[in-house]
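In my numbering, the protein residues as written are 270 to 600.
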Amino acid sequence: MIPKLDELKETSDQKIIEEIPKIIKNVACPDIRLSLESANKQIIEEVKKNGVEARSFALQFKHLPPRTSLIPSEPEDILLIKPKDDSHRDYEINQKLFHGVLQSNSPEVRLRSVNKIYGGGIKLVAANTDEILNIREVFKEHCNEETLEGFDLVIPNRRTPQIILYNITRDIEQETLKSGLLAKNLFLADSSNKPHFRVEFKIAARNPRFNHWVLSVNPKMFNDIMNKEGLYFQFSRLRFAEFISIRQCRKCFGFGLTTSKYDPREKQHCDKCSEIKEEGHRCRGPCCSNCKDFNKKARKTYGCGHSPLDQNCRSLARQKELIKNMTDYGL
Numbered sequence: 270m271i272p273k274l275d276e277l278k279e280t281s282d283q284k285i286i287e288e289i290p291k292i293i294k295n296v297a298c299p300d301i302r303l304s305l306e307s308a309n310k311q312i313i314e315e316v317k318k319n320g321v322e323a324r325s326f327a328l329q330f331k332h333l334p335p336r337t338s339l340i341p342s343e344p345e346d347i348l349l350i351k352p353k354d355d356s357h358r359d360y361e362i363n364q365k366l367f368h369g370v371l372q373s374n375s376p377e378v379r380l381r382s383v384n385k386i387y388g389g390g391i392k393l394v395a396a397n398t399d400e401i402l403n404i405r406e407v408f409k410e411h412c413n414e415e416t417l418e419g420f421d422l423v424i425p426n427r428r429t430p431q432i433i434l435y436n437i438t439r440d441i442e443q444e445t446l447k448s449g450l451l452a453k454n455l456f457l458a459d460s461s462n463k464p465h466f467r468v469e470f471k472i473a474a475r476n477p478r479f480n481h482w483v484l485s486v487n488p489k490m491f492n493d494i495m496n497k498e499g500l501y502f503q504f505s506r507l508r509f510a511e512f513i514s515i516r517q518c519r520k521c522f523g524f525g526l527t528t529s530k531y532d533p534r535e536k537q538h539c540d541k542c543s544e545i546k547e548e549g550h551r552c553r554g555p556c557c558s559n560c561k562d563f564n565k566k567a568r569k570t571y572g573c574g575h576s577p578l579d580q581n582c583r584s585l586a587r588q589k590e591l592i593k594n595m596t597d598y599g600l
């Protein structure tokens, strides 16, 4: 064949075209055909092997294990110190008062954090319930009567975990959803058919034909439910995820309070630069007041070049983590 090709190099293009069928016929001779078939089989086997070892992202995702909730590894317990009236609204004074009591009478106490809450109150965070109970007893024993009468010492119940079901048609009502879920998902009830969940409320979806529904879930069943790929309802499988709601004021954009509890004398802040929106206000570009304040308070270096409403805000992520720490996951 090679001599034939050398011969063709010296001929015209028309001659090459005429000779191509003959060359193909020679290539198709039995010996060469067997060699090609053998080579093809080896290539196919290699491709199959590589296909298993290096699957596409879509295939990899398809074979991932069922999703789980990102449950915090270190649960926390909380003591809230709430002023009963306006005469104890100064957080700095309150913080010094109760810190002094702990320092004098129980300096070995270990607190994870001390935070300000609405109305000048204090949130003390400890590692476990025993630690929190001990702190409350120290205050009850060593604070004077006037102080105890001016504050409530509250250990809040741990939050029940919640999930959100996506895209349920608007005509579905609360009881219909409850009975429909129980009918198609037997694990959602105990042996006495008592539900492991409670339907709480609905949220309007972007598509006006649908609503999202929020359910509170029995903490002991939360992990089992989160390991499911979906919940069946009528003739469809519903997508769902853990639901964590963050309270954020739409006036000052601070966390932990809503607009209804915001001081009505305060002015509206800009939803981009976070500054007060007075007459003639000129926005200076994105700046998150929450990250800026937290950097000063905790000596962090969170980036502030974003809106206080940005869903990728690190302060927002921190708020979600705090709520998870207050949630009972049945551990």
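Heads up, the beta-carbon is just placed ideally off N, CA and C, and yes, glycines get one too. All values reported here derive from a predicted model rather than from experimental measurement.
Under the three-state DSSP convention, the category residue i falls into
| i | result |
| --- | --- |
| Q364 | helix |
| P488 | helix |
| R336 | Note that R336 has pLDDT 46, beneath the 50 cutoff, so the model's placement of it is unreliable and the number below is only indicative. Residue state, collapsed to three classes: coil. |
| T416 | helix |
| F470 | strand |
| I545 | strand |
| H411 | helix |
| L402 | helix |
| I494 | helix |
| L422 | strand |
| E511 | strand |
| H465 | coil |
| H538 | strand |
Rounded C-alpha distance that separates residue i from residue j
| i | j | result |
| --- | --- | --- |
| I347 | P425 | 7 angstroms |
| R467 | C412 | 41 angstroms |
| P577 | L591 | 18 angstroms |
| R519 | N462 | 42 angstroms |
| Y360 | Q580 | 29 angstroms |
| R587 | T398 | 22 angstroms |
| K497 | F509 | 10 angstroms |
| A452 | D493 | 18 angstroms |
| K353 | Q443 | 38 angstroms |
| E406 | N559 | 34 angstroms |
| I386 | N564 | 18 angstroms |
| E377 | R583 | 32 angstroms |
| Y571 | M490 | 36 angstroms |
| K365 | G390 | 12 angstroms |
| G549 | R534 | 19 angstroms |
| G499 | R475 | 21 angstroms |
| H357 | G369 | 16 angstroms |
| K351 | I515 | 21 angstroms |
| Y598 | L434 | 19 angstroms |
| A396 | L349 | 15 angstroms |
| H575 | V486 | 34 angstroms |
| E511 | E414 | 44 angstroms |
| F408 | G388 | 20 angstroms |
Beta-carbon contacts of residue i that lie in its chain and below 6 angstroms, excluding the five residues immediately before and after
| i | result |
| --- | --- |
| C521 | H538 |
| C556 | C542, S543 and C573 |
| Q517 | F524 |
Beta-carbon proximity list for residue i, same chain, < 7 angstroms, skipping 5 on both sides
| i | result |
| --- | --- |
| S382 | V394 |
| Q503 | G449 |
| R478 | T438 and R439 |
| K569 | F563 |
| F470 | V483 |
| K561 | C573 |
| I527 | Correcting the residue identity first, residue 527 is Thr in this sequence and not Ile. Hits under 7 angstroms: R516 and C518. |
Proximal residues to residue i (C-beta, below 8 angstroms), its chain only, five neighbours per side dropped
| i | result |
| --- | --- |
| M595 | E345, I347, P425, R427 and R428 |
| E547 | K536 |
| R553 | C542 and E544 |
| K589 | I513 and I515 |
Candidates the options: closest to residue i by CA position
| i | options | result |
| --- | --- | --- |
| R506 | Q517, I437 and K365 | I437 |
| L484 | N476, N462, S460 and I513 | I513 |
| S373 | N397, E547 and E410 | E410 |
| I401 | D355, Y598 and L380 | L380 |
| M495 | I432, C552 and C560 | I432 |
| P488 | L500, E469 and L600 | L600 |
| S375 | I404, G388 and L422 | I404 |
| P430 | Q364, H550 and H465 | H465 |
| T416 | D459, L585 and N363 | N363 |
| L422 | H481, F367 and L585 | F367 |
| C566 | N384, L371 and D355 | First, the amino acid is wrong: residue 566 is Lys here, not Cys. The candidate whose alpha carbon is nearest that of K566 is N384. |
| F456 | Y501, D355 and F420 | Y501 |
Residues bridged to residue i (per DSSP)
| i | result |
| --- | --- |
| T445 | Bridge partners of T445: none, in fact. |
| Y501 | R506 |
| V394 | I347 and S382 |
| R428 | T596 |
| Q517 | F524 |
| N480 | I437 and A473 |
Any chain B beta carbon closer than 9 angstroms to residue i
| i | result |
| --- | --- |
| N564 | Chain labels in this structure do not include chain B; a single protein chain is all it has. |
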